[in-house]
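Everything on this sheet refers to the single structure shown next.
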Amino acid sequence: MEIFRNWLLEIGVPAKIVHFAEFGILIGVLIVLSIIANFLAKKIILSVVRALVKKSKNKWDDILLERKVFHRLSHFAPALIIYTFSYILSDYPMWMALVQKGSYLYMIIISMLIITSFINGMHDIYQTHEISKNRSIKGYLQVVKIIIYVITAIVIIATLMGRSPFYMLSGLGAFTAILMLIFQDSIKGLIGGIQLSANDMVRLGDWITAPKHDIDGSVVEINLNTIRIQNPDMTFSSIPTYALVNDTFSNFRGVTEADGRRIKRSINIDVNSIKLCNSEMLQKFEKINILKDFIALVIKDIDAYSNVSADAKESLLNGKNISNLRVFRKYVEVYLKNHNLINPEMMFLVRYLEPTPNGLPLDIWVFCVNKDLVNFEAVQSEIFEHILSVIREFDLKVFQAPTGNDIMEAKKRI
Numbered sequence: 030m031e032i033f034r035n036w037l038l039e040i041g042v043p044a045k046i047v048h049f050a051e052f053g054i055l056i057g058v059l060i061v062l063s064i065i066a067n068f069l070a071k072k073i074i075l076s077v078v079r080a081l082v083k084k085s086k087n088k089w090d091d092i093l094l095e096r097k098v099f100h101r102l103s104h105f106a107p108a109l110i111i112y113t114f115s116y117i118l119s120d121y122p123m124w125m126a127l128v129q130k131g132s133y134l135y136m137i138i139i140s141m142l143i144i145t146s147f148i149n150g151m152h153d154i155y156q157t158h159e160i161s162k163n164r165s166i167k168g169y170l171q172v173v174k175i176i177i178y179v180i181t182a183i184v185i186i187a188t189l190m191g192r193s194p195f196y197m198l199s200g201l202g203a204f205t206a207i208l209m210l211i212f213q214d215s216i217k218g219l220i221g222g223i224q225l226s227a228n229d230m231v232r233l234g235d236w237i238t239a240p241k242h243d244i245d246g247s248v249v250e251i252n253l254n255t256i257r258i259q260n261p262d263m264t265f266s267s268i269p270t271y272a273l274v275n276d277t278f279s280n281f282r283g284v285t286e287a288d289g290r291r292i293k294r295s296i297n298i299d300v301n302s303i304k305l306c307n308s309e310m311l312q313k314f315e316k317i318n319i320l321k322d323f324i325a326l327v328i329k330d331i332d333a334y335s336n337v338s339a340d341a342k343e344s345l346l347n348g349k350n351i352s353n354l355r356v357f358r359k360y361v362e363v364y365l366k367n368h369n370l371i372n373p374e375m376m377f378l379v380r381y382l383e384p385t386p387n388g389l390p391l392d393i394w395v396f397c398v399n400k401d402l403v404n405f406e407a408v409q410s411e412i413f414e415h416i417l418s419v420i421r422e423f424d425l426k427v428f429q430a431p432t433g434n435d436i437m438e439a440k441k442r443i
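The sequence shown begins at 30 in the numbering used here and counts up one residue at a time.
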């Protein structure tokens, strides 16, 4: 550097400012070298990488390019040049140390950004595979990124303090309580996420309900701390990951995996309309195609009993008989079994529940092959529309609480 200083004096630089001029020129040299390195890395090398990526048939390199992994990698070039050629400031040890430390810290931060971009790219690549629809790894990747942030912070602090990172790590135990307090939600979320994943309790796309948290919707995102739910009205709700482990929730995944979706609904029949069938009623019911064989057997059985019992013809109570409610239940059973959208291989039940002040509930428990909500509701509506419209043909009435019109009609009769 003495030769360079003498050259400055020879070209007429005053001796009083020769050191400042030398320092300024050296800094300028470092800046020019870094600009050249940055130009070569971004304009030439990065352009070549982009061209190669576009020609490649693989998707992963396009994702890494989109996540700016290669772009951030190019930032190493000027930092390495500055760090490598900082020895030209050897006559200015304080400034040389400052430049070296600054470029070193810059490379640490760039390394962190490259790794996190690469992790984000790996997540995007994972999302292109079929397994990502069932298993989310976003929470685990967030944990990895937190660890990277902590390590980066430790290395930066150690560099600024002039200590070894291992020295900082050796004293980390003293800050464990503070770290646990800061990251308690993340720690609980990680543990909850592991339990949910290990037990296969929740997947992306699952429809879950958690009454305690007023959650009822489809899982669209599983993060480290929260699970994001899309509600039927297209709004979004969030619930802590660990809450699904600690509290009760229902997962409707079984509905999509099963061979049918359950229809469970009942209608209340007015008990005052229930009666035994006489011969005229049986003849009327025999004309119903899906009941023809059943009614024929009933009539045959009644006639056979009447031939051996002299009192059978005097009263319905003396002979064998059948109620209009039993005939109606049989009709509902046959109607549902013949329905092309009801799965007869799954649970099939038409039963009476315990009588209530609101009538006798006729409970229907069958499974619809259409599991999509819209189509399922359409089938369910069609079934009950039919049942409610034909019930009068069996001289039965659906129980209904008195309305204003009923009260007015009753007053007119008085």
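In this text, a Cβ means the ideal position worked out from N, Cα and C, and glycines have one as well.
- Look at N297 here: in three-state DSSP terms it is strand.
- Judged by DSSP in its simplified three-state form, V427 adopts strand.
- Annotation: the region 336-401 contains the following complete segments of the alpha helix (DSSP H) (minimum length 4 residues), in chain order: 353-366.
- Excluding the 5 residues flanking it on each side, I185 has same chain C-beta neighbours closer than 7 Å at L134, I137, in chain order.
- Taking C-alpha positions only, S267 is separated from R257 by approximately 5 Å.
- For secondary structure counted as the alpha helix (DSSP H) over 4 or more consecutive residues, the region 183-270 holds these complete runs in sequence order: 194-199, 205-211, 213-227.
- Rounded to whole angstroms, the gap between the alpha carbons of A187 and D235 is 46 Å.
- In the DSSP assignment, K88 falls outside any alpha helix (DSSP H), carrying neither H nor E.
- The closest CA to that of A239, considering only A272, M151, L382, is found on A272.
- Going by beta carbons, P261 and G246 fall inside the 8 Å limit.
- Membership of L311 in the alpha helix (DSSP H) is indicated by the continuous run 308-315.
- Judged by DSSP secondary structure, E159 falls outside any alpha helix (DSSP H); it is assigned neither H nor E.
- Contact between V361 and I393 holds: their C-beta atoms lie close to 7 Å from each other, under 8 Å.
- Take L382, set aside five residues on each side of it, and the residues of its chain with a beta-carbon closer than 6 Å to its own are P390, D392, in chain order.
- When Cβ pairs closer than 8 Å are counted between the two stretches, the region 161-168 is seen not to touch the region 115-132, the count staying below three.
- Scanning its chain for C-beta atoms nearer than 7 Å, with the 5 sequence neighbours on each side dropped, one finds around F428 the residues N297, I298, D299, N387, G388, in chain order.
- Around the beta carbon of Y178, a 10 Å sphere encloses fewer than 16 other beta carbons of the protein chains shown; the residue is thus reported as exposed.
- The C-beta of D90 has 16 or more other C-beta atoms within 10 Å across all chains shown, which makes the residue buried.
- Burial state of A108 is buried, judged by a 10 Å Cβ sphere holding 16 or more other Cβ atoms.
- In terms of Cβ geometry, I292 and S352 do not form a close pair [threshold 8 Å].
- Within the DSSP secondary-structure output, N280 pairs in a beta bridge with I237.
- Contact annotation, I154 with R101: C-beta distance approximately 17 Å; criterion of less than 8 Å not satisfied.
- Straight through space, the alpha carbons of G289 and N399 are spaced by roughly 7 Å.
- Beta-bridge annotation (DSSP): I292 is paired with V395.
- About 28 Å separates the Cβ atoms of K217 and S146, ruling out a contact at the 8 Å cut-off.
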